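Residue numbers (UniProt numbering): 1 to 509. Quick notes on the structure that follows.
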Amino acid sequence: MALFSAGAGTWRPPLMSPEPLEPRTWLATAQHGAERPRGWSEMSEKAVARSNHWQRHLWTRGLHDLHDCELQFRSSGEWEVLKLFQLSRERHQQLHSTASSPAAPAASPSTPMQVSEKSVKWLLFASCLSLLGFTMPGPALPGIRSRYTLHGFWTGLVAASMSLGMLVAVTFWPHKSDSWGRRRVLKWSLSVTTGLFAVQALALEYFGFQYFVLARVVTGFFAGCNPIFKAYLADVVPSDRLPFYMVFREASATMAFIIGPIVGGILTLKFGIAAPFVATAVAHCVGVIVLVFFVEESKRHVDEEGTPNYEIEEAQKDDWPLLRKVFAMSFCYVVSQTCFTFFMPLYLNDTFELNPRGIGICLTGTSVAVLLFQVFVYKPFEKWKGLEKTGICGAVAIFIGLSSIAGTNVWPDKAHLALLCIGVLFYAFGSATFPTTVPTLLAQSVPKHHRGKVLGLDSFMNNIGRVLTPLCLGFLYGRKEWSCFLVAGSASLLVAFLLEWVRRERTRT
């Protein structure tokens with residue numbers, strides 16, 4: 001535990017003691033000073049200073065980020081610091097359990113979740129249902145284009161209209177969930193979108209194009225659920241398990257991208273272009289039922305006022321220099337993701353002359369590969385490399401994947417299929433290993449009562465990317481089909497550089 005010596009009003013470098021003190025005595029000890037403890041020569045001064053820095057950091061944060069520090073030391077290979085920190089932490093747990101009442105349980109290495117694990121699983125199911133609003137109506141787009149005789153910009157407007165509405169939603173609803181409660185806002189959002197998707201179906205059948213687009217924009221106003229699902233997980237899941245649950249949330253989203261297009265295509269062929277919108281309304285209604293009966297509310301900051309840690313929580317500051325870098329990473333990743341989502345079907349048709357069935361098989365195969373990587377590869381890979389290095393590998397893999405896809409247009413014909421398969425596999429690996437990095441870093445960089453707001457700002461940046469990317473890269477696609485994939489891949493490479501910058505800064509602090 002850190003000992004301090006003070007003289008003439010100046011704080012000297014902290015010292016590590018083999019016999020740690022209880023945290024509440026740190027500052028008291030600082031007033032009296034201390035000699036260097038026995039065993040000092042066996043410790044590097046840098047390791048001691050690093051360990052003491054984190055101990056003071058934990059004291060100001062209410063001692064609830066112990067596992068974050070351990071993971072940080074493991075990922076950066078600072079084994080000496082980790083050993084000192086673990087000894088200090090173990091001693092703190094012993095002292096804490098002794099000082100507490102006999103009925104109080106001793107501190108455990110792994111903090112339990114604030115809600116039951118079943119509640120988290122039901123929440124992930126509701127997250128999958130909410131995303132069907134984006135994936136299920138996709139196969140109906142050609143029919144909508146034919147119905148209203150749309151061209152160019154107006155076809156793109158159908159795809160971008162909900163994202164335009166969500167620019168407003170993601171700045172309002174996630175912030176409100178910080179005070180109103182995550183589950184309450186999710187129930188309200190899915191309840192309203194249930195009715196609005198039904199209105200979209202009615203507009204397709206009985207009204208004009210402008211009413212349909214207006215209904216989609218209004219639906220977007222209430223569809224900013226994605227950051228709230230992430231904020232709920234950040235609230236209830238311990239820090240050491242948060243990356244794994246975030247990747248399961250991404251896996252639930254991938255399931256929506258696997259199931260949605262298949263079901264939407266079948267419904268469109270059998271019942272017409274309005275059927276996927278009706279089915280989406282039903283899915284959102286089921287999501288509301290799940291949230292009402294099976295999902296517990298997360299403990300909100302406003303409920304903690306008056307508790308011993310309330311003043312400590314209020315004193316925490318958002319790490320805005322780090323947040324700005326993470327927002328930039330998230331935006332660049334969305335550029336790469338949107339490029340693949342929007343232009344891959346066109347590229348497969350123009351370069352490989354695939355019919356809609358072949359395009360669907362390729363896209364579904366990509367989503368299945370992403371899901372397999374998320375479920376079976378991410379967890380051991382993240383344990384091996386750590387959070388930041390896993391994200392860097394994922395971003396580089398997306399760059400390699402999109403560059404390989406671009407190369408299919410310029411390499412000899414015999415290499416086309418091989419390059420396409422390589423590109424799709426690398427893209428799938430990157431899409432499975434990087435996206436979890438952003439919400440985890442955001443959740444770790446802000447206090448609990450600001451998570452909804454910050455994750456909402458992240459979604460706001462993402463939606464700007466989803467609106468601008470098709471317009472900008474569409475211009476490049478019209479000139480050189482492969483160029484948009486190369487530019488999007490370069491954006492992913494920028495993500496890797498930014499994440500390495502963040503990793504180095506977090507290692508130094």
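Beta carbons: idealized from backbone N, C-alpha and C, even for Gly. No experiment lies behind these values; they were computed from the predicted model shown.
Does DSSP classify residue i as helix, strand or coil?
i	result
Leu480	One point to set straight first is that residue 480 is Lys, not Leu, in the sequence displayed. Of the three classes helix, strand and coil, the one that applies to Lys480 here is coil, per DSSP.
Glu505	helix
Glu205	helix
Pro142	helix
Gln114	coil
Trp411	coil
Phe279	Contrary to the premise, residue 279 reads as Ala rather than Phe in this sequence. Three-state result, Ala279: helix.
Thr364	helix
Glu296	coil
Ile273	coil
Val446	coil
Phe460	helix
Gly224	coil
Pro470	helix
Phe434	coil
Gly423	helix
Val334	helix
Asp240	coil
Gly181	coil
Met136	coil
Glu353	coil
Rounded to whole angstroms, what's the CA-CA distance from residue i to residue j? Just pull it up for me.
i	j	result
Gly407	Asn349	16 Å
Ser490	Glu500	16 Å
Val278	Ile262	15 Å
Arg36	Leu291	Per-residue confidence for Arg36 stands at a pLDDT of 41, beneath the threshold of 50, marking its modelled position as unreliable; the derived number appears in the next sentence. Looking at the two C-alpha atoms, the distance is approximately 56 Å.
Ile422	Ala253	23 Å
Phe426	Ile405	10 Å
Ile359	Arg324	37 Å
Gly265	Tyr347	20 Å
Leu269	Met255	22 Å
Pro276	Thr219	15 Å
Gly181	Lys187	10 Å
Ala415	Phe485	18 Å
Glu250	Thr436	7 Å
Pro238	Arg145	47 Å
Val410	Leu123	45 Å
Val375	Leu157	35 Å
Gly391	Phe331	15 Å
Lys176	Pro447	15 Å
Ala140	Leu468	23 Å
Thr341	Trp320	31 Å
Gly478	Asp178	44 Å
Based on Cα-Cα distance, which residue from the options lies nearest to residue i?
i	options	result
Leu441	Glu505, Cys484, Trp384, Gly465	Glu505
residue 513	Phe343, Ala283, Gly430	Nothing can be reported for residue 513: it is not among the residues displayed for the chain, which extend from 1 to 509.
Pro243	Asn462, Leu471, Ser483, Phe381	Phe381
Cys339	Gly401, Thr390, Asn355, Gly386	Gly401
Arg216	Arg241, Ile258, Leu167, Arg183	Leu167
Phe125	Tyr245, Pro139, Ile464	Tyr245
Leu457	Ser189, Val438, Ile289	Val438
Ile273	Tyr148, Gln444, Val446	Tyr148
Ala496	Lys389, Ala443, Leu131	Lys389
Leu498	His450, Pro447, Phe434	Phe434
Gly195	Leu354, Ala140, Thr280	Thr280
Val424	Asn463, Met329, Thr364	Thr364
Gly143	Ile289, Leu267, Gln114	Leu267
Ser298	Thr507, Ser459, Arg184, Ile289	Arg184
So, under 8 Å CB-CB, residue i and residue j are touching, yes? Tell me the CB distance rounded to an integer number of Å.
i	j	result
Gly224	Ala169	3 Å
Ile398	Ser492	4 Å
Glu481	Thr351	7 Å
Thr171	Gly133	So it is not a contact: roughly 19 Å between Cβ atoms.
Ala428	Thr366	6 Å
Ser116	Glu296	7 Å
Ser163	Asn463	5 Å
According to the Cβ coordinates, are residue i and residue j closer than 8 Å?
i	j	result
Ser336	Ala488	yes
Leu322	Val502	yes
residue 532	Arg466	Only positions 1 to 509 of the chain appear in this structure, which leaves residue 532 out of reach.
Val213	Ser161	yes
Phe229	Ser119	no
Gly452	Pro174	yes
Leu233	Phe343	no
Ser483	Leu476	yes
Gly165	Phe207	no
Leu387	Pro227	no
Met461	Phe373	no
Tyr378	Val247	yes
Val368	Ile259	no
How about residue i: is its C-beta nearer than 8 Å to some C-beta of chain C?
i	result
Val192	Looking at the structure shown, chain C is missing, and only one protein chain is on hand.
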